[in-house]
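Sequential numbering from 84 applies to the sequence shown in my numbering.
Scroll down for the structure; my scribbles are underneath it.
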Amino acid sequence: MPVIHSATFSALPTTTSEQIAAVHAATQALATIPGCVWLKFGATLPNERAKGYTHQLVAEFESIDAVKAYVPHPTHKAFVEGNIQYFDSSKTIILDFEY
């Protein structure tokens, strides 16, 4: 069954728009990981329900096994290591669901 993978982030106050643009560009490499059907990253729409969360990554994977292979994949690890400093990692929420 396909899986939707969602990661919700809260950018640090010191994170610049240029850094966010670089994060957005870097997400394109994630979409090339085997098993990823599509992947999108963007800013959350401003509203009170966002509770300080500023950005979201949403992707569809072919299966739960594809998600399990994605997490330790070198491209994903490099993305996290290269971009984690722009977000409050204690607030990051990662959720997956099958449909």
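Think of the CB as a built atom: it goes at the ideal place given N, C-alpha and C, for glycine as much as any other residue.
All of these numbers come straight from a predicted model, not from anything done at the bench.
Status (buried if at least 16 other CB within 10 Å, exposed otherwise) for residue i
{"i": "leucine 95", "result": "exposed"}
{"i": "valine 120", "result": "exposed"}
{"i": "leucine 128", "result": "exposed"}
{"i": "phenylalanine 180", "result": "exposed"}
Pick from the options that is closest to residue i, judged by C-alpha positions
{"i": "glycine 118", "options": "His159, Gln168, Glu101, Ser173", "result": "His159"}
{"i": "serine 100", "options": "Phe180, Glu181, Tyr169, Tyr182", "result": "Tyr169"}
Start and end residues, alpha helix (DSSP H) containing residue i
{"i": "histidine 159", "result": "157-166"}
{"i": "valine 150", "result": "147-153"}
DSSP beta-bridge partners of residue i
{"i": "glycine 125", "result": "Gln139"}
{"i": "threonine 99", "result": "None, per the DSSP bridge assignment."}
The beta strand (DSSP E) enclosing residue i, as first and last residue numbers
{"i": "phenylalanine 92", "result": "86-92"}
{"i": "isoleucine 177", "result": "176-181"}
Problem - Three or more C-beta pairs below 8 Å linking the stretch 145-152 and the stretch 104-111 - result: no
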